[in-house]
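Chains as they are written, first to last, in this note's numbering: chain A, 1 to 113; chain B, 1001 to 1112.
No residue lacks a Cβ here, since even glycine has one placed at the ideal position from N, Cα and C.
Report on one structure; see the data block that follows.
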Amino acid sequence: SAVISQKPSRDICQRGTSLTIQCQVDSQVTMMFWYRQQPGQSLTLIATANQGSEATYESGFVIDKFPISRPNLTFSTLTVSNMSPEDSSIYLCSVDRAADTQYFGPGTRLTVL
Amino acid sequence: GNSVTQMEGPVTLSEEAFLTINCTYTATGYPSLFWYVQYPGEGLQLLLKATKADDKGSNKGFEATYRKETTSFHLEKGSVQVSDSAVYFCALKGRNNNDMRFGAGTRLTVKP
């Protein structure tokens, strides 16, 4: 398995502001993933973050809204920019481990007023 | 593309009842299949997985068998406990990519 931590665990933000979420893994990984889970919904992949290259975004998600950094093999950040109430969600990072299994962080619960 | 269809909830059971949560999938090739559990206020935890046809994943009394002929991966538990109350997600991952697809999730409530 993997030990994954996220900061902050939750936040309440004002419309129009930005929040950066951090994800730290206990060992080096090639790929990290960012997901969004809207209230009562399933998970939707936002982007895949590789160290040393730009993140790959899924359809419906753009870099200007969700910039991602991946400065090294154990850390990534996701920024939610110019927030609106529709951005209220749980944001989760995950990593691939042996046998193609993804392990998830505890999530960041974001509320936008 | 790949997709997962999961039994809609919510599901409410009494303690010690038998649980089945249905999951079927559509995929090209031979994906790996997973069940994740999300307890209230927490992130997702891997519950069990199966990587090839006829494999049975099991953990904490839960089981699921990879059925290629019916493209299914139903989750079962013989006797549920109050502590099993959570949201359960079925998921698949394609063999040659990192594309993970999740079902809609099934909320289980177990009453004493």
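Discussion item. Tell me which residues of the region 34-49 of chain A have at least one Cβ-Cβ distance to chain B shorter than 9 Å, keeping chain order.
Written reply: Listed in sequence order: 35, 37, 40, 41, 42, 43, 44, 45, 48.
Worksheet entry | CA-to-CA distance, residue 90/A to residue 18/A, given in whole angstroms | Counting from 1 along the first sequence, the entry for residue 18/A is found at position 18. Counting from 1 along the first sequence, the entry for residue 90/A is found at position 90. Approximately 15 Å, taken between the alpha carbons.
Worksheet item: Using the C-alpha atoms, what's the distance from residue 74/A back to residue 29/A?
Response: In the first sequence, counting from the first residue as 1, residue 29/A sits at position 29. In the first sequence, counting from the first residue as 1, residue 74/A sits at position 74. If I take the Cα positions, the gap works out to 6 Å.
Worksheet item: How long is the line joining the alpha carbons of residue 72/A and residue 43/A, rounded to whole angstroms?
Response: Here residue 72/A refers to the residue found at position 72 when the first sequence is read from its first residue. Here residue 43/A refers to the residue found at position 43 when the first sequence is read from its first residue. Rounded to whole angstroms, residue 72/A to residue 43/A spans 25 Å at the Cα level.
Discussion item. With a threshold of 8 Å between beta carbons, is residue 60/A in contact with chain B?
Written reply: Your numbering for residue 60/A matches position 60 in the first sequence. No, no contact with chain B.
Item to complete: Return yes when the Cβ of residue 1024/B is within less than 8 Å of the Cβ of residue 1005/B, no when it is not.
Response: The count along the second sequence starts at 1 and reaches residue 1005/B at position 5. The count along the second sequence starts at 1 and reaches residue 1024/B at position 24. Yes, the pair counts as a contact, with Cβ atoms nearer than the cut-off.
Item to complete: Look at the Cβ atom of residue 1044/B, then the Cβ atom of residue 1059/B, and state whether they are nearer than 8 Å.
Response: On the second sequence, residue 1044/B is found 44 positions in, with the first residue counted as 1. On the second sequence, residue 1059/B is found 59 positions in, with the first residue counted as 1. No, these two residues do not count as a Cβ contact at 8 Å.
Worksheet item: Whose Cβ in chain A lies nearer than 7 Å to the Cβ of residue 1105/B?
Response: On the second sequence, position 105 is the one that residue 1105/B refers to. Within chain A, the residues near residue 1105/B are 42.
Fill in: According to DSSP, residues forming a beta bridge with residue 2/A
Start at 1 with the first residue of the first sequence, and residue 2/A comes out as number 2. Partner(s): none; residue 2/A has no beta bridge.
Discussion item. Among 21/A, 3/A, 57/A, 2/A, whose alpha-carbon lies nearest the alpha-carbon of residue 110/A?
Written reply: Taking the first sequence and counting its residues from 1, the one referred to as residue 110/A is at position 110. It is 21/A.
Worksheet item: Listed in chain order, which residues of the region 79-93 of chain A have Cβ atoms closer than 7 Å to some Cβ of chain B?
Response: For the region 79-93 of chain A, the set of positions with a beta-carbon nearer than 7 Å to some beta-carbon of chain B reads 92 in chain order.
Practice prompt. Reducing DSSP to helix, strand and coil, say where residue 1063/B ends up.
Written response: For the purposes of this step, residue 1063/B is taken as the residue at position 63 of the second sequence. For residue 1063/B, the secondary structure class from DSSP, reduced to helix, strand or coil, is strand.
Worksheet item: Which residues in the same chain as residue 1063/B place their Cβ atom closer than 8 Å to its Cβ, once the five residues preceding and following it in sequence are excluded?
Response: Working through the second sequence from its first residue, we reach residue 1063/B at position 63. Annotation for residue 1063/B: 1048, 1056, 1057, 1075, 1076, 1077 place their beta carbon closer than 8 Å to its own, counting only its chain and skipping 5 residues before and after.
Item to complete: Using 10 angstroms around the beta-carbon of residue 92/A, count the other beta-carbons present and answer buried if the total reaches 16, otherwise exposed.
Response: Here the question's residue 92/A lines up with position 92 in the first sequence. In summary, residue 92/A is buried, with 16 or more beta-carbon neighbours lying within 10 Å of its beta-carbon over all protein chains present.
Worksheet entry | Beta-carbon gap between residue 9/A and residue 106/A smaller than 8 Å | Your numbering for residue 9/A matches position 9 in the first sequence. Your numbering for residue 106/A matches position 106 in the first sequence. In this structure, residue 106/A lies closer than 8 Å to residue 9/A by Cβ.
Practice prompt. Check whether the Cβ of residue 1113/B lies closer than 8 Å to any Cβ atom in chain A.
Written response: Absent from the structure is residue 1113/B, since the part of chain B shown begins at 1001 and ends at 1112.
Fill in: Per-residue DSSP class, three states only, for residue 1099/B
For the purposes of this step, residue 1099/B is taken as residue 99 along the second sequence, with counting starting at 1. Residue state, collapsed to three classes: coil.
Worksheet item: Can you tell me where the beta strand (DSSP E) with residue 11/A in it begins and where it stops?
Response: For this step, residue 11/A is matched to residue 11 along the first sequence. It spans 10-13 - the beta strand (DSSP E) in which residue 11/A sits, taken as one unbroken run.
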